[in-house]
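Peer 1: For the sequence shown, the numbering used here gives the first residue as 2, with consecutive numbering after it.
Following this message is one structure expressed as structure tokens.
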Amino acid sequence: MSPCPEVPGFLVRPIGREDAEAWARYACLPQVRQHSSSTARSADDLRPLIERVLAGGADAPLRFVLRQAGDATERIVATVGFHTISSLNGSAEIGYDVDPEFWGRGLASAACRAATAWGFRVRGWHRIQATTVPANLGSQRVLERCGYRREGLLRNFRIVAGLPADYYMYAIIPEPAA
Numbered sequence: 002m003s004p005c006p007e008v009p010g011f012l013v014r015p016i017g018r019e020d021a022e023a024w025a026r027y028a029c030l031p032q033v034r035q036h037s038s039s040t041a042r043s044a045d046d047l048r049p050l051i052e053r054v055l056a057g058g059a060d061a062p063l064r065f066v067l068r069q070a071g072d073a074t075e076r077i078v079a080t081v082g083f084h085t086i087s088s089l090n091g092s093a094e095i096g097y098d099v100d101p102e103f104w105g106r107g108l109a110s111a112a113c114r115a116a117t118a119w120g121f122r123v124r125g126w127h128r129i130q131a132t133t134v135p136a137n138l139g140s141q142r143v144l145e146r147c148g149y150r151r152e153g154l155l156r157n158f159r160i161v162a163g164l165p166a167d168y169y170m171y172a173i174i175p176e177p178a179a
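Below you can see the structure in the form of structure tokens.
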């Protein structure tokens with residue numbers, strides 16, 4: 002059983018306490034947060050999420066950090082993971098973020114595709130879903146490239162910048178065995 006999704010050209014490992022500062026370096030930037038319900042503004046804001054991941058358990062969130070292979074700085078350039086995991090229902094919600102310096106290079110799609118395949122193969126989930134605000138066209142393109150289908154609009158689903166926001170629901174189910 003592979004402990005992490007495999008993304009070509011990147012080193013992937015589970016997130017750790019030591020990653021809070023490096024993750025915050027880009028995850029707290031306004032252009033990264035603008036289409037997100039995240040309220041994180043610093044590494045201190047990300048630490049509770051990391052602790053929930055590290056606490057483990059059947060339905061605990063999962064998060065993986067990606068570093069570019071061959072980069073001596075070992076800089077985190079993206080994360081991908083799952084939250085709202087239900088072992089009872091065999092489902093989870095995927096989430097990802099990418100350092101803006103790496104936008105437009107296909108990294109979000111590669112990470113989403115790899116994590117989705119990993120979720121089906123390793124975790125045995127029957128459904129992986131994702132949500133995105135209607136204005137986040139980039140994330141919608143990522144999800145569609147990875148085989149997710151838009152299922153509908155969730156009105157006032159999450160709080161963004163202090164206000165209730167609508168979200169599109171996307172989901173994918175495993176391909177039937179041939």
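Virtual Cβ for every residue (Gly too), placed ideally from N, Cα, C.
Counting Cβ pairs, one atom from each stretch, are 3 or more of them under 8 Å apart for the stretch 108-128 and the stretch 72-82?
Peer 2: At 8 Å Cβ cutoff, the stretches touch.
Peer 1: Could you give the distance in angstroms between the alpha-carbon of A118 and the alpha-carbon of I95?
Peer 2: Working through the sequence shown from its first residue, we reach residue 118 at position 117. Working through the sequence shown from its first residue, we reach residue 95 at position 94. Roughly 11 Å separates the two Cα atoms.
Peer 1: With the cut-off set at 8 Å, would you say S39 and A25 are in Cβ contact?
Peer 2: As a first step, residue 39 is located in the sequence shown; it is residue number 38 there, counting from the start. As a first step, residue 25 is located in the sequence shown; it is residue number 24 there, counting from the start. The answer is no: Cβ separation not under 8 Å.
Peer 1: Name the DSSP bridge partner or partners of D45?
Peer 2: Taking the first residue of the sequence shown as position 1, residue 45 is located at position 44. DSSP lists no partner for D45.
Peer 1: Between which residues of its own chain and R151 is the CB-CB distance below 6 Å, once the five residues before and five after are set aside?
Peer 2: Looking up residue 151 in the sequence shown gives position 150. Cβ within range, chain order: Y169, Y171.
Peer 1: Just to confirm the assignment: which complete beta strand (DSSP E) runs, minimum length 3, are found wholly within the stretch 103-167?
Peer 2: Runs found: 128-133, 150-161.
Peer 1: Output the distance between the C-alpha atoms of V143 and E102, rounded to the nearest integer angstrom.
Peer 2: Within the sequence shown, numbered from 1, the residue matching residue 143 stands at position 142. Within the sequence shown, numbered from 1, the residue matching residue 102 stands at position 101. Rounded to the nearest angstrom, the two C-alpha atoms are 17 Å apart.
Peer 1: Distance check for G57 and R64, CA to CA, integer angstroms please.
Peer 2: Locating residue 64 in the sequence shown gives position 63, counting from the first residue. Locating residue 57 in the sequence shown gives position 56, counting from the first residue. In a straight line, the C-alpha of R64 is about 11 Å away from that of G57.
Peer 1: Thinking C-alpha only, which one of F158, G163, P175 is nearest G148?
Peer 2: For the purposes of this step, residue 148 is taken as the residue at position 147 of the sequence shown. Answer by Cα proximity: P175.
Peer 1: Between D20, R14, A28, which lies nearest to A70 when the distance is taken from Cα to Cα?
Peer 2: Within the sequence shown, numbered from 1, the residue matching residue 70 stands at position 69. When each option's Cα is compared against that of A70, the closest is R14.
Peer 1: Drop a sphere of 10 angstroms on the beta-carbon of Q35, count the other beta-carbons inside from all chains shown, and report buried for 16 or more, exposed for fewer.
Peer 2: Taking the first residue of the sequence shown as position 1, residue 35 is located at position 34. The residue in question, Q35, is exposed, as its Cβ has fewer than 16 Cβ neighbours within 10 Å.
Peer 1: Return the CA-CA distance between M2 and G120, expressed in angstroms with no decimal places.
Peer 2: Numbered from its first residue, the sequence shown carries residue 2 at position 1. Numbered from its first residue, the sequence shown carries residue 120 at position 119. Only weak support is given to the placement of M2: the predicted model assigns it a pLDDT of 47, under 50, and the question is left unresolved by the model.
Peer 1: Under a three-way DSSP split, which group does L89 fall into?
Peer 2: Your numbering for residue 89 matches position 88 in the sequence shown. Coil.
Peer 1: Name the residue from A115, I129, V161 whose alpha carbon lies nearest to the alpha carbon of A136.
Peer 2: Residue numbering aside, residue 136 sits at position 135 when the sequence shown is read from its first letter. Of the candidates A115, I129, V161, the one whose C-alpha sits nearest the C-alpha of A136 is V161.
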